[in-house]
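As structure tokens, the structure follows; a few thoughts come after it.
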Amino acid sequence: MGSPAIAILGTGSYAPEKILTNDDLSKLVDTSDEWIFTRTGIRERHIAAPNETTSQMAAAAARLAMSDAGVTAADIDLIIVATVTPDLPMPATACFVQHQLGVPTHAACFDLNAACSGFIYALDTAWAMLGSGRYRHALVIGAEKFSSVLDWKDRTTCVLFGDGAGAVVLGPTRGTGQILGTKLYTEGAHTHLLCIPDGGSNTPDPAATGARTPRTVSMKGREIFKIAVREMEEAARDILAQHQITPAQIGCVIPHQANLRIIDAIARYLELPAERFFVNLERYGNTSAASIPLALDEARSSGRIKPGETTLFVAFGAGLTYGSALVRW
Ligand code: ACO
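Residue 263 in the numbering used here sits at position 250 of the sequence shown; the count goes up by one each step and never skips.
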């Protein structure tokens, strides 16, 4: 018997109640709605409450995904949370999620750090684990409290990101949502372009140096922009060629929601109309690992994804990681 075909059985998403608009941000830093919107396409983002955790947002999205899939916590035997903003450095956020959902103890639960590519990395990992036949139903979640790692005095980063979560349930196919393929890449030469330069084993000893670097995101935006366009085009073209699918045969592209100008550039290079791309970053900003599953949930619930269509996911993130995935509905 061959390995079982694995599919997305259900989706769910969650965004915190509080909305921070570009005008709100212009009261915190020297910026404007006009600058942010024309450079990025972002108008507003959701910001978690001070006591709201990544695991709580992940669990909220997961509950909706389980309900959509018609499975219960007892059916889940694998939870992967893609995040760079865990509840704590240790233990994994997935363990908190398991407890909040009441998922049984025989479930494997761990976090995965591939920044904004995290959801595609987690999808690939869960697909392989379920494909082995040793696990049956997985929760694959992207969740971020990105506001917790932002320097709210740095206008070059704090205007770009937001908080939220998206989740999917993976399991044996019921005829729709089948994963056709994934491709993952890494360009570790560029780790310095996007990082949190503190809080790990490479943190200078504050006792020795007398100084600490901030535990907030540091980013070379202009350099990232150019590389992101090249990487996402490569990831899209490779997977389409591998599956002998032309860009025109893709019903909907769900790209990582970082910057509308990046998405427009990829649409141009793939010679696809911009309308083929599902975009919701105007309302969420860049929610890192949550961005694709959150957009997928909205694309499905708004009827943007039609039966029989193929959807392309494509992302890039810190690492630099990048990747793509194809799903047939
Ligand atoms: N408001 C007003 N002015 C600003 C702001 C702001 N919020 N931020 C920067 N500026 C100024 C700069 O200081 C600069 O001024 P100067 O010309 O006097 O020096 C000017 O605007 C232009 O700055 P650039 O950095 O050249 O602007 P650019 O057009 O490249 O846009 C941006 C910047 C939006 C960051 C863009 O480069 C980008 O989106 N890069 C990709 C970043 C990204 O996607 N990161 C997420 C990675 S995913 C993950 O893993 C987390």
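We treat Cβ as the ideally placed atom computed from N, Cα and C, and that holds for glycine.
Bear in mind that the values here come from a model prediction, so they are computed numbers and not experimental data.
Query raised in the report: Any heavy atom of ligand 1 closer than 7 Å to the Cβ of V162?
Result: Your numbering for residue 162 matches position 149 in the sequence shown. Ligand 1 never approaches V162 closely enough for any of its heavy atoms to be under 7 Å from the residue's Cβ.
Query raised in the report: So, is P99 buried or exposed, given that buried needs 16 or more other C-beta atoms within 10 angstroms?
Result: Within the sequence shown, numbered from 1, the residue matching residue 99 stands at position 86. Buried: at least 16 other Cβ atoms inside 10 Å.
Query raised in the report: Beta-carbon separation of A75 and G25 under 8 Å?
Result: Your numbering for residue 75 matches position 62 in the sequence shown. Your numbering for residue 25 matches position 12 in the sequence shown. Cβ atoms of A75 and G25: closer than 8 Å.
**Report entry** For L325 and L309, the rounded distance between their alpha carbons
**Finding:** On the sequence shown, position 296 is the one that residue 309 refers to. On the sequence shown, position 312 is the one that residue 325 refers to. Each residue's CA atom was taken as its position, placing L309 and L325 some 10 Å apart.
Report task. Would you check whether ligand 1 has a heavy atom nearer than 7 Å to the C-beta of M245? Result -> Counted from its first residue, the sequence shown places residue 245 at position 232. Not under cutoff, so the answer is no.
**Report entry** Selection from A78, N64, I55 and E244 that minimises the alpha carbon distance to S314
**Finding:** As a working mapping, residue 314 is identified with position 301 in the sequence shown. That would be A78, whose Cα lies nearest to the Cα of S314.
Query raised in the report: Under 8 Å, do A178 and Y297 count as touching if we go by C-beta distance?
Result: Walking along the sequence shown from the start, residue 178 turns up at place 165. Walking along the sequence shown from the start, residue 297 turns up at place 284. No. Outside cutoff.
Requested in this report: Enumerate in chain order the residues of its own chain whose CB-to-CB distance from R149 is below 8 Å, with the five nearest sequence positions on each side excluded.
Outcome: Here the question's residue 149 lines up with position 136 in the sequence shown. Closer than 8 Å at Cβ, skipping near neighbours: D88, D90, L143, G184 and P185.
Requested in this report: Provide the residue(s) that pair with C122 in DSSP beta bridges, ordered along the chain.
Outcome: What you label residue 122 is simply residue 109 of the sequence shown in a count that begins at 1. For C122, which the question treats as bridged, DSSP gives the partners I92.
Query raised in the report: In terms of alpha-carbon separation, which member of A95, Y335, L41 and P17 lies closest to P300?
Result: Counting from one through the sequence shown, the residue named residue 300 turns up at place 287. Here residue 300 turns out to be Thr, not Pro, going by the sequence shown. Per the Cα distances, A95.
Query raised in the report: For A72, which residues of its own chain have a beta-carbon under 7 Å away from its beta-carbon, when the five flanking residues on both sides are left out?
Result: By 1-based counting over the sequence shown, the position of residue 72 is 59. For A72, same chain residues with a beta-carbon under 7 Å away, outside a window of 5 residues either side, are V110, Q113 and L114 in chain order.
Query raised in the report: Is it a yes or a no for the stretch 166–175 touching the stretch 30–50, going by three-plus beta-carbon pairs under 8 Å?
Result: Yes: the two stretches touch, three or more of their Cβ pairs being nearer than 8 Å.
Query raised in the report: Is it true that the CB of A248 sits closer than 8 Å to the CB of S160?
Result: Mapped onto the sequence shown, residue 160 falls at position 147. Mapped onto the sequence shown, residue 248 falls at position 235. Not a contact, by the Cβ cut-off of 8 Å.
Report task. Tell me N299's beta-bridge partners as DSSP assigns them. Result -> As a working mapping, residue 299 is identified with position 286 in the sequence shown. In the DSSP output, where bridge partners are listed per residue, N299 has F174.
Query raised in the report: Which one of L152, C129 and S130 has the shortest CA to CA distance from W140?
Result: Taking the first residue of the sequence shown as 1, we reach residue 140 at position 127. Among L152, C129 and S130, the Cα nearest to that of W140 is on L152.
Query raised in the report: Helix, strand or coil: which one does DSSP assign to S231?
Result: Position 218 of the sequence shown, counting from 1, holds the residue named residue 231. Look at S231 here: in three-state DSSP terms it is strand.
**Report entry** Best match in M103, A86, F290 and S130 for proximity to A120 [C-alpha to C-alpha]
**Finding:** For this step, residue 120 is matched to residue 107 along the sequence shown. Closest by alpha carbon: A86.
Query raised in the report: Whole alpha helix (DSSP H) runs in the stretch 67–117 with 4 or more residues, listed along the chain?
Result: Those alpha helix (DSSP H) runs which fall completely within the stretch 67–117 and span 4+ residues are 67–82 and 106–114.
**Report entry** As assigned by DSSP and simplified to three states, the class of G332
**Finding:** One-based indexing of the sequence shown puts residue 332 at position 319. Looking at G332 - three-state DSSP - the assignment turns out to be coil, as it is neither helix nor strand.
Query raised in the report: According to DSSP, which residues form a beta bridge with F291?
Result: As a first step, residue 291 must be located in the sequence shown, where it is residue number 278. Residue pairing for F291: DSSP places it in no beta bridge.
Query raised in the report: If we call anything under 8 Å between Cβ atoms a contact, is A302 one with F132?
Result: Taking the first residue of the sequence shown as position 1, residue 302 is located at position 289. Taking the first residue of the sequence shown as position 1, residue 132 is located at position 119. A contact, by the Cβ cut-off of 8 Å.
Query raised in the report: CB of C129 to nearest heavy atom of ligand 1: below 7 Å?
Result: For the purposes of this step, residue 129 is taken as the residue at position 116 of the sequence shown. Distances taken from the Cβ of C129 to the heavy atoms of ligand 1 include one shorter than 7 Å.
**Report entry** Opening and closing residue of the beta strand (DSSP E) in which Y27 lies
**Finding:** Start at 1 with the first residue of the sequence shown, and residue 27 comes out as number 14. Per DSSP, Y27 is one residue of the beta strand (DSSP E) stretching across I19 to Y27.
Report task. Could you tell me which residues DSSP pairs with V242 in its beta bridges? Result -> Locating residue 242 in the sequence shown gives position 229, counting from the first residue. Residue pairing of V242 in beta bridges, as defined by DSSP: absent, with no partner found.
Report task. Compare the C-alpha of K233 against each of A241, L253, V242 and L206 and name the closest. Result -> Taking the sequence shown and counting its residues from 1, the one referred to as residue 233 is at position 220. Selection A241, L253, V242 and L206 evaluated against K233 yields L206 as nearest (Cα-Cα).
Query raised in the report: Mind checking whether P29 and A61 have CB atoms under 8 Å apart?
Result: Position 16 of the sequence shown, counting from 1, holds the residue named residue 29. Position 48 of the sequence shown, counting from 1, holds the residue named residue 61. Taking 8 Å as the Cβ cut-off, P29 and A61 qualify as a contacting pair.
Query raised in the report: Apart from the five residues on each side of it in sequence, which residues of its chain come closer than 7 Å, Cβ to Cβ, to A287?
Result: For the purposes of this step, residue 287 is identified with residue 274 of the sequence shown, where counting begins at 1. So the list reads D277 and A280, once near-sequence residues are dropped.
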